[in-house]
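At position 122 of the sequence shown (counting the first as 1) the number is 1227 in this note's numbering, and the numbers step up by one without a gap. Working notes, structure below.
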Amino acid sequence: MIDRCLGGSIYNEYIGDEACYPFSEEREFTGIFVFGFEWSEFYPNAQTYEETEKTEPKYWLELGKGAIGSAREEQTKCTHDCAFRISFVGRESLCAAGYGHLNSYPHKIIVERVISASQIALSDSDG
């Protein structure tokens, strides 16, 4: 870890997840993306927000440079926590490690290209 991610010294600057850990080739993902202050979770194959509440989050989702566009525009409309049904092309971390806020997630997916994203209600009272 120190050699690969910190250039050989614990006092060096971290080089970033993509340079430090291996990621898969691009592939298509679908599921629910939930985010808010200091969290960005992806639940593969989930169809509803209610399904995400029953599952421990496994993936930190990061919108890569190629994902700027509709998903980012929709994300900026949120003033608090939000959820999206999303389909995208991305790359998944191949090693379990500490990703995301406070290194709390065992895996990470980097979104390269959004296919579709539509906001969904967080509860029945949200509409």
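Built from N, CA and C at the ideal position, the CB exists for glycine as well.
Could you tell me the distance, in whole angstroms, from the CA atom of residue 1107 to the CA atom of residue 1226?
43 Å
Using DSSP with H/G/I as helix, E/B as strand and the rest coil, what is residue 1160?
Coil at residue 1160, not helix or strand.
What does the Cβ neighbour count give for residue 1132, buried or exposed, with the cut at 16 atoms within 10 Å?
exposed
Taking the CB atoms as reference points, tell me whether residue 1137 and residue 1148 lie closer together than 9 Å.
yes
Based on DSSP bridge pairs, tell me the residues matched to residue 1210.
1204
Just list the residues that DSSP pairs residue 1192 with in beta bridges.
1135 and 1221
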